[in-house]
Amino acid sequence: MQKIHLASRVTRHLTQAKASYAAQRFHDCIRHAEQAEKIDQNHPDTYYWRALSNMALGATVEARLIADEALEKFAGNAVLRILAGEILMDLGLYEQAKALLESAIGIDQSLWAAWSNYSAVLYSLQDYYAAKDAALRALALAPANAGVLSNYANTLKETGDVAEAVAVLRKAIALSPRSELVRFSLLFTMLFDENTKGSDILREAQSCAALLTPPRAANNHPPRPKDSGRIRLGLLSNDLYAHVCAYFIIPFLANIDHSRFEVHVFSLNGRQDNVTQKIQYYSDRFVDVSGQPEGAIVETIRDAALDVLIDLGGYTRNTPLRYMAYRLAAIQLTWMGYPGSTGMRQIDYRLTDWSTDPAGNEAHHTEQLLRAPVVGAVYYPLVVRPLAAYGAAYRTRATPALANGYVTYGCCINIAKISTRTMRLWGMVLARSPGSKLLVECAGLDNDAVRVPLLGRMTQAGIDSERVICVPRRSENQYLMYHNIDVVLDTTPMTGGANACDALWMGVPIVTLSGQACHERLATSYLHAVGLDGLICQTEAEYVDVAAGLAADVAHLNALRMSIRPMFEASPLFDAAGFCRWFETEVAGWVGSYRQPGQIQQDSADGVFFNGRWHPMEEIIIAVVAALRSGNDQGLENLLENISAKWSKHWLVAYALSEFAYRQGDKQAALDLLIESASLRKYSLPLYRLLLVRLDECGQDKTVLDEFLQQAFGLNLAYLEGQPVPSMFEIAGIPDLLEEATA
């Protein structure tokens, strides 16, 4: 009888735990599960409800510990394996999650949750067609489950059927109108739908905001800071690793004036890599709040007493907006991650520009539009390994049509962006350009299940599949693929974003069709910033004319290609310092309305902030020379990467890499890098003297340098050749008395 009574109590507590979870009373759910566990330490459901509720509260790390303990006791329990896989996905550990979910399916193939989560993890790993198959297996088992429908819709979007994806998501919302993930998926998918209007996106964004906004949050303003300290700027993101946002965030953090701004970065994701380390380096304070309960995250950020908090995610997974709905800073703004309005009244501004959001776009926003003078973000290439930007592999090359004898149009993109209208435009361009080809680089194109349907859609659009070159996406080819493309044909309605910047930096022109909403104008903004307004088209006919016109004159196309990178690197899109000075002025104006912020005195105006302090440029130069002299290659690399975070191209970096290449015996690479250093540091006679030596060693012509010396200095080669070869110290400009310090 005693055993029956205890079993009855366990069942009652677990029933109450389940009911509490359904009512979103997650703390009550945990309490009931713990009470059940006190009675029976060997019941898997006690672990299940505790882990599930902790995950719902955002305490993902605690949830993982509980799940790991459960799997040690109940290794053959498929349901626990499914939950553990979901927790690992939340932590960004997709390969581990995939393995666990595969093992769960191996135990029991009849569990829809196993197939649904397996679809989700395959989607995260960009194996979209396999994800679609898994979603269909889940759908067969649970046809009326909103989460399963949402996963299926996501795979439809990524495999090219956007209209059907929207329809499926609307069905899912009808089944579960308060499901956040389904709402977020619909909002994001609508950006790819040709029939979506700006008003539609705003309306759906407001629905998402309503789900996240706690009662009375709109009026819950935190007290404004009243001290005289630096302006406290916060950034909140789930993507502080090797993610597309890094190309824009790192130059911003490295160039913000830390003497005036105290930068707090809050990470919602436990995933870390070398990009995370860079972001930590260029922040005054980096706080990992991943896996913590929602209330704890809110309090952590609120305790920072921020003047301004920036959302770097929008309505993506584990959205920062969930926490910003509590009004965590005096001023809140949204910047990147999602190209549109948040629809959330607690967000005061959206950072953009006049090209991305022209006059009239205010009607589709709840935020006030904070428009940068030219472009709303700054892009640096190769932020994961910035020193590679100086390498020969990434130098602009002649347009491939000169060697191929035909023009190659191309697009390196997600399949979801290749809409029916995009296909039609591409077909018209190819029809106007006889002999041309179309290179499409997308994830999965080495798989027949991905490639064959795409080619089928192209055939329907009038594109001969024999003219299409399908290339599977590989991360190592992110920039190098553009060596094979003469002209990029942009997509519509969702235009290229960071990938458009990749192409332009590599010298490849982009033809874009500009729309009205923000997501239809991202490439427009970048082209305008670089000075290539002639490639921005307002009609389909203009798009076809411009693209065909570029192919008609290959010599002109090549000249354009050779000019684009210099234009890019001289443009506002590459001017992180200029962008930051504008942003600082705007923020200082806001904060100055309620307090007088202070400033930290710096030893010099020129330098780099990293690892918690300001490093004057003289100190950095001395450290670089010391590392070169001592052969401290790792120390040298770290120094050069820190310089490159602030200046994507700098004479000192090119010079140091030249010296390194020379010592490795690669004289041609050393010469090329020295030429780049000289181009970045004009009017440095010691540098030109060394360049003369290297030109002689490689047997290279010196006419161009001779002409430059006469124009710039009124000197000839004979004079410069009569000077002694400069030391490393003379080139670096280090005073004689400091030479001993570097020995």
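For the sequence shown, the working numbering begins at 1 and goes up steadily by one. C-beta: ideal position from N, C-alpha, C; glycine also.
DSSP on residue i, reduced to helix/strand/coil?
| i | result |
| --- | --- |
| L226 | The sequence shown places Lys at residue 226, rather than the Leu named in the question. Note: K226 maps to coil in three-state DSSP. |
| H13 | helix |
| Y47 | helix |
| H258 | coil |
| S267 | strand |
| S8 | helix |
| D288 | strand |
| C245 | coil |
| V148 | helix |
| Q596 | coil |
| Q711 | helix |
| I731 | helix |
| I536 | strand |
| I418 | coil |
| K18 | helix |
| I87 | helix |
| Q332 | strand |
| N638 | helix |
| P251 | helix |
| L323 | As written in the sequence, residue 323 is Tyr, which differs from the Leu given in the question. In this structure, Y323 counts as helix in the three-state DSSP scheme. |
| I463 | coil |
| S341 | coil |
Per the DSSP calculation, residue i is bridged to which residue(s)?
| i | result |
| --- | --- |
| C470 | V440 |
| R371 | T352 |
| L235 | V265, I310 |
| H615 | V608 |
| G410 | L439, V488 |
| V511 | L489 |
Taking all protein chains shown into account, decide if residue i is buried (16 or more other Cβ within 10 angstroms of its Cβ) or exposed.
| i | result |
| --- | --- |
| S8 | exposed |
| T276 | buried |
| P386 | buried |
| T703 | exposed |
| D606 | exposed |
| R561 | buried |
| D257 | buried |
| T539 | exposed |
| E476 | exposed |
| V166 | buried |
| V591 | buried |
| N274 | exposed |
| C754 | Here the chain has residues from 1 to 743 only, and residue 754 is not among them. |
| V554 | buried |
| A712 | exposed |
| G435 | exposed |
Quick one, which of the options has its alpha-carbon nearest residue i's?
| i | options | result |
| --- | --- | --- |
| L522 | W505, I675, N499 | N499 |
| Y482 | A393, Q601, Y323, F266 | A393 |
| T60 | E86, L80, F188 | E86 |
| T155 | P177, L125, A142 | L125 |
| M506 | T495, E697, L480, K98 | L480 |
| Y655 | A174, A23, S727 | S727 |
| L504 | S563, C698, V452 | S563 |
| A172 | R183, A153, A146, A78 | A146 |
| G531 | L187, R137, L640, R565 | R565 |
| L101 | Y129, K73, A134 | A134 |
| M803 | C501, Q206, E367, E520 | Residue 803 falls outside the range modelled here, since the chain spans only 1 to 743, and no answer is possible. |
| Y241 | G405, N361, V384 | V384 |
| N117 | P143, D127, G106, M89 | M89 |
| L445 | R467, V471, L52 | V471 |
| Y281 | R613, T319, A559, E676 | R613 |
| A551 | L489, S228, Q723 | L489 |
| E158 | M494, V546, K417 | K417 |
| A70 | T46, A56, G58 | T46 |
With hydrogens ignored, establish whether the beta-carbon of residue i is closer than 7 Å to any heavy atom of the ligand FAD.
| i | result |
| --- | --- |
| P251 | Within the structure as shown, the ligand FAD is missing, as the structure has no ligands at all. |
Is any beta-carbon of chain B found at less than 8 Å from that of residue i?
| i | result |
| --- | --- |
| K649 | The structure shown has no chain B; it contains just one protein chain. |
Can you find at least 3 beta carbon pairs, one from the segment 366-375 and one from the segment 563-581, that sit closer than 8 Å? Yes, they touch.
Would you check if there are 3 or more beta carbon pairs closer than 8 Å linking the segment 203-217 to the segment 329-345? Yes, they touch.
I want to know whether the segment 223-232 touches the segment 300-317 - three or more CB-CB distances under 8 Å. Touching, yes, given that three or more Cβ pairs across the two stretches are closer than 8 Å.
Using 8 Å as the Cβ pair cut-off and three pairs as the minimum, do the segment 32-44 and the segment 10-18 touch? At 8 Å Cβ cutoff, the stretches touch.
Tell me, please, whether the segment 635-652 touches the segment 250-268 by the rule of three or more beta-carbon pairs shorter than 8 Å. Proximity of the segment 635-652 to the segment 250-268 meets the contact definition, three or more beta-carbon pairs being nearer than 8 Å.
Contact between the segment 443-463 and the segment 424-435 is defined here as three or more beta-carbon pairs at a separation below 8 Å; is this criterion met? Yes, since at least three Cβ pairs between the segment 443-463 and the segment 424-435 fall closer than 8 Å, the two stretches touch.
Assess contact between the segment 286-294 and the segment 44-62, defined as three or more Cβ pairs (one per stretch) separated by less than 8 Å. Is contact present? Proximity of the segment 286-294 to the segment 44-62 meets the contact definition, three or more beta-carbon pairs being nearer than 8 Å.
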